[in-house]
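Colleague: For the sequence shown, the working numbering begins at 1 and goes up steadily by one.
All C-beta atoms, glycine included, are put in the ideal place defined by N, C-alpha and C.
One structure coming up, written as structure tokens, with questions to follow.
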Amino acid sequence: MHRRQFLGSAAAMAQSAQIPLPPADEKALSGAGEVSYNVHVTIERKRPGKPHKGKVLAAIQPHCDDIPIFAGGTVLKLIDEGYEGILITVSDDAMAGDGVGNGEVAAKNEQDTREVARRLGLREAIFLNYPNHNLDAWPIVEMRARLVFLFRYFKVDTVIVYDPSGLYERNPDHYVTARAVEWAAGICAMKWDYPEFGLAGVKPHPVSERYYFARGPQLVNRVVDIGDYIDQKVWVNLANVTQGPAGNTGERLWKKLAAQGKRLPLLGNDAETANRQYTKYFALSRDRARGVAHNLQWAEDFHYIGPAGSEWDSYIAQNAVPL
């Protein structure tokens, strides 16, 4: 289905008779995904025009479904506001999904990921192909060097990745990726780190912003309003048919209920609608819960780190006086 048709059908569904919605995820709604230290939370809303024109973001994930689930709405929003972007997948994704063996699973996940990048509006999908579920056995310094090269080559201003300080993260692919990105972004502008890259014309470049997401508790200081992008985010997640949370789960539930002589009005009357609605209201229920917690319809949470010295720049601009 074309994006225009997809969004049109989603709008039509929203305009139809009111259908009871499933409860939002209670853990997310109660704030279980946040750690509060009296930190000010900024609500980041859609900005008109193209305020980020000329900037580049890198969305980095260990697996093909991570960015679509946890940050797809934010990526869509930033691209809409003028960013260009790349998608970097760190593992080979050979251990999760349908297929007759690891090679087929990896190939199908790569195909899905390229479609995810296209639907997100990103210019490149890059694959580092480290062994899935085994990133903690690989030298993190090598990953860091490769990431520094990519950040410099594409002149990346903003990274979006798992939180390197997220609590209770058990998956080594997640925390290794996060830590490799954290320090790659930290040294990307330093001339004495990997000076040999300059011989290939790749010069130091600062990464000035970080959006860190997490599966479990984290320090949240930024909530991104993705209400205008939720249906596009659903469309992005539906591209992950091999191992994503959506796939044809809605269709299977719809058919299972039909075999029992039942139907769930929320899932509609066809397989396509069932998959879309299941993804939106079940697979992405966390986004709705976090939106409700901040008086929004749909939202994504982050630990955001902005440009160094931005607070001083703002203070100086507001308080400097003539000699």
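Which residue comes first and which comes last in the beta strand (DSSP E) that contains GLN328?
Modeller: This structure cannot settle anything about residue 328, because the visible part of the chain is limited to 1 through 323.
Colleague: With a threshold of 6 Å, establish whether the CB of VAL241 neighbours any heavy atom of the ligand ADP.
Modeller: The ligand ADP is absent from the structure shown, which contains no ligands of any kind.
Colleague: Taking VAL156 and VAL56 to be in contact with their CB atoms under 8 Å, please state how far apart those CB atoms are, rounded to whole angstroms.
Modeller: Their Cβ separation, rounded to whole angstroms, is 5 Å, which keeps VAL156 and VAL56 in contact under 8 Å.
Colleague: In the DSSP assignment, find the unbroken alpha helix (DSSP H) run with LEU296 in it and report its ends.
Modeller: Counting along the chain, LEU296 falls outside any alpha helix (DSSP H), and DSSP gives it neither H nor E.
Colleague: Given that a residue counts as buried once 16 or more other Cβ atoms are within 10 Å of its Cβ, and exposed if not, what is LEU199?
Modeller: Flag for LEU199 reads exposed.
Colleague: The alpha helix (DSSP H) spanning GLN277 covers which residue range?
Modeller: That run of the alpha helix (DSSP H) goes 271-278.
Colleague: Leaving aside the five residues before and after HIS52 along the sequence, list all residues of the same chain whose C-beta is less than 8 Å from its C-beta, in chain order.
Modeller: Once the five neighbours on either side are set aside, the close Cβ partners of HIS52 are LEU78, GLU81, GLY82 and TYR83.
Colleague: Can you give me the C-alpha to C-alpha distance between PRO48 and ILE88, rounded to a whole angstrom?
Modeller: Spanning the two alpha carbons is a distance of roughly 28 Å.
Colleague: Using the beta-carbon count (16 or more within 10 Å), is SER208 buried or exposed?
Modeller: Classification of SER208: buried, given that the 10 Å Cβ count is 16 or more.
Colleague: Which of the three DSSP states is assigned to LEU76 in this structure?
Modeller: Here LEU76 sits in helix by DSSP.
Colleague: Expressed to the nearest angstrom, what Euclidean distance is found between the alpha-carbon atoms of ALA317 and GLY306?
Modeller: Looking at the two C-alpha atoms, the distance is approximately 17 Å.
Colleague: Can you tell me whether GLY166 is buried or exposed, with buried defined as 16 or more other CB within 10 angstroms of its CB?
Modeller: Label assigned to GLY166: buried.
Colleague: Going by DSSP in three states, THR314 sits in which element: helix, strand or coil?
Modeller: In the sequence on display, residue 314 carries Ser and not Thr. Helix.
Colleague: Is it a yes or a no for the region 108-122 touching the region 58-66, going by three-plus beta-carbon pairs under 8 Å?
Modeller: Verdict: yes, contact present.
Colleague: In the DSSP output, which residue or residues are listed as bridge partners for HIS40?
Modeller: Partner(s): none; HIS40 has no beta bridge.
Colleague: For ASP163, collect the residues of the same chain with a Cβ closer than 7 Å to its Cβ; drop the 5 residues on either side in sequence, then sort them by chain order.
Modeller: Here the set comprises ALA178, TYR212, PHE213, ALA214, GLN218 and HIS303.
Colleague: SER91: buried (16+ other C-beta within 10 angstroms of its C-beta) or exposed?
Modeller: The residue in question, SER91, is buried, as its Cβ has 16 or more Cβ neighbours within 10 Å.
Colleague: Just the C-alpha distance for ALA332 and PRO172, rounded to the nearest angstrom, thanks.
Modeller: The chain is shown only over 1 to 323; residue 332 falls outside these bounds and no answer can be derived.
Colleague: Would DSSP call ASP136 helix, strand or coil?
Modeller: Helix at ASP136.
Colleague: So is VAL321 buried or exposed if we call it buried at 16+ other beta carbons inside 10 Å?
Modeller: With fewer than 16 other Cβ atoms within 10 Å, it is exposed.
Colleague: Would you mind giving the Cβ-Cβ distance between VAL161 and ILE60, rounded to the nearest angstrom? I have them listed as a contact below 8 Å.
Modeller: Yes, VAL161 and ILE60 are in contact; Cβ-Cβ is about 4 Å, under 8 Å.
Colleague: Please return the same chain residues whose Cβ sits closer than 8 Å to the Cβ of PRO22, not counting the five positions on each side in sequence.
Modeller: Result list for PRO22: LEU266, TYR281, PHE282 and SER285, in chain order.
Colleague: DSSP three-state label for HIS303, please.
Modeller: Correct three-state label for HIS303: strand.
Colleague: From LEU238, HIS294, GLN297 and LEU296, pick the residue whose C-alpha is nearest to that of GLU272; which is it?
Modeller: Out of LEU238, HIS294, GLN297 and LEU296, LEU238 has the C-alpha closest to the C-alpha of GLU272.
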